[in-house]
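Accompanying notes for the structure given below.
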Amino acid sequence: MFIRENELQEKIKTLAARINDEYQGKEVIFIAILNGAFMFAADLLKSITLPCEISFVKVSSYHGGMSTTGRVDELIGLNASIENKEVIILEDIVDTGITIDKIITLLKAESPASVKVCTLLYKPDAFKGKKAPELVGMSIPNKFVVGYGLDYDEKGRNLREIYQLKED
Ligand code: IMP
Ligand code: MG
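So for the sequence shown, the numbering used here puts the first residue at 8; every next one is plus one.
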């Protein structure tokens with residue numbers, strides 16, 4: 008599998024247009040999950056026309072390699088108040104959904120008006136979470152991918168395209 012730069016940028020513009028439409032007249036706070044979502048967040052926000060804020064947070068959940076431990080202890084770096092605000096979480100990829108479920112639980116404890124998940128990539132065949140992400144750039148097969156923010160052992164985040172890792 009391979010996703011070209013053009014295709015990624017088109018999907019991101021489509022997502023931004025949907026958000027601009029669905030949240031018309033509302034004030035949104037985007038919560039981007041580091042490190043993976045840094046590039047996606049930057050490109051998406053360029054096409055958002057709503058009054059908005061963005062905050063970058065880090066979770067301790069993933070410890071490298073090709074499998075997920077699913078451990079999320081806390082959200083680090085959320086210094087903005089999200090009380091009564093429309094929250095859109097920005098993720099690079101939703102795989103099993105364990106990470107995003109825990110992030111949603113942590114954010115809901117801060118009494119936001121609403122919480123939705125906007126993810127660039129989604130692996131429906133791997134998903135075991137409670138609720139599928141509402142805003143999805145692309146659904147992909149259950150394969151490990153790198154590039155455009157996504158890493159393999161912290162490498163490959165700088166690539167402009169998305170590549171499937173060889174499995175051998
Ligand atoms: P989940 O908890 O299984 O949904 O996994 C979420 C996290 O695992 C993501 O935020 C990524 O950091 C990492 N991850 C899952 N699948 C991939 C992949 O295909 N490539 C790179 N990272 C991945
Ligand atoms: Mg990672």
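Beta carbons: idealized from backbone N, C-alpha and C, even for Gly.
All of these numbers come straight from a predicted model, not from anything done at the bench.
- Within the model, the alpha-carbon separation for residue 58 versus residue 105 is close to 30 Å.
- By the neighbour-count criterion, in which 16 or more other beta carbons inside 10 Å mark a residue as buried, residue 83 falls on the exposed side.
- Closer than 7 Å to some heavy atom of the ligand IMP: that describes the Cβ of residue 98.
- In terms of Cα proximity to residue 90, the closest of 161, 110 and 114 is 114.
- With contacts defined by Cβ atoms closer than 8 Å, residue 22 and residue 41 do not form a contacting pair.
- Per DSSP, the unbroken beta strand (DSSP E) holding residue 99 starts and ends at 93-101.
- Within the same chain, 40, 41, 42, 82, 83 and 84 come within 8 Å of residue 65 by CB-CB distance, once the 5 residues on both sides are set aside.
- With distances taken between CA atoms, residue 125 lies nearest to 139 out of 162, 131, 157 and 139.
- By the criterion of a C-beta distance shorter than 6 Å, residue 34 is surrounded in its chain by 58, once the five residues flanking it on both sides are discounted.
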